[in-house]
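Numbering (the working numbering), first residue to last: 673 to 794.
Please read the structure below before turning to the comments.
Listed below in structure tokens is the structure:
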């Protein structure tokens with residue numbers, strides 16, 4: 673019996689965007705939200721600070737409080753993001769197998785980054 677080939681990065685990213693893009697569109701309708709660069713990708717950001725994006729492997733990457741990242745990792749629902757073996761405290765990675773939770777986790781990320789990002793003076 674032939675094995676099913678693993679999707680390429682390009683295929684995984686395309687599938688991830690099928691899930692993520694409709695979620696992101698809901699945030700882009702808000703005044704302080706736009707798209708900007710992050711780790712070689714484009715992320716959804718609030719007042720210039722990225723809170724969610726799709727990584728090069730087709731995973732959702734979100735900024736959350738360190739305790740929440742620890743919780744997701746301990747439950748096996750996500751992992752701490754690493755760059756060149758350096759673990760990032762406030763960035764979690766969720767793969768496509770957890771895509772049914774992506775909308776909720778993106779909402780958490782938005783709320784967190786919205787809370788910690790200063791609003792410009794009026």
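Backbone N, C-alpha and C fix where the C-beta goes; we use that ideal spot for every residue, glycine too.
{"Item": "Hey, residue 718 and residue 734: beta-carbon distance below 8 Å or not?", "Value": "no"}
{"Item": "Tell me the rounded alpha-carbon separation between residue 754 and residue 793.", "Value": "35 Å"}
{"Item": "Where do the ends of the beta strand (DSSP E) carrying residue 693 lie?", "Value": "Counting along the chain, residue 693 falls outside any beta strand (DSSP E), though it belongs to the alpha helix (DSSP H) covering 681-700."}
{"Item": "Can you give me the Cβ contacts of residue 731 inside the same chain, cut-off strictly under 6 Å, excluding the 5 residues immediately before and after it?", "Value": "765, 767"}
{"Item": "Who does residue 766 pair with in a DSSP beta bridge?", "Value": "732"}
{"Item": "Given this structure, state the Cα-to-Cα distance separating residue 777 from residue 681, to the nearest angstrom.", "Value": "22 Å"}
{"Item": "Name, in chain order, the residues that DSSP records as bridge partners for residue 713.", "Value": "710"}
{"Item": "When burial is assigned at 16 or more other CB atoms within 10 Å of the CB, is residue 748 buried or exposed?", "Value": "exposed"}
{"Item": "Taking C-alpha atoms, which residue in 772, 712, 762, 759 lies nearest to residue 692?", "Value": "772"}
{"Item": "Report all residues from its chain with a CB closer than 6 Å to the CB of residue 708; omit the five preceding and five following residues, and keep chain order.", "Value": "717"}
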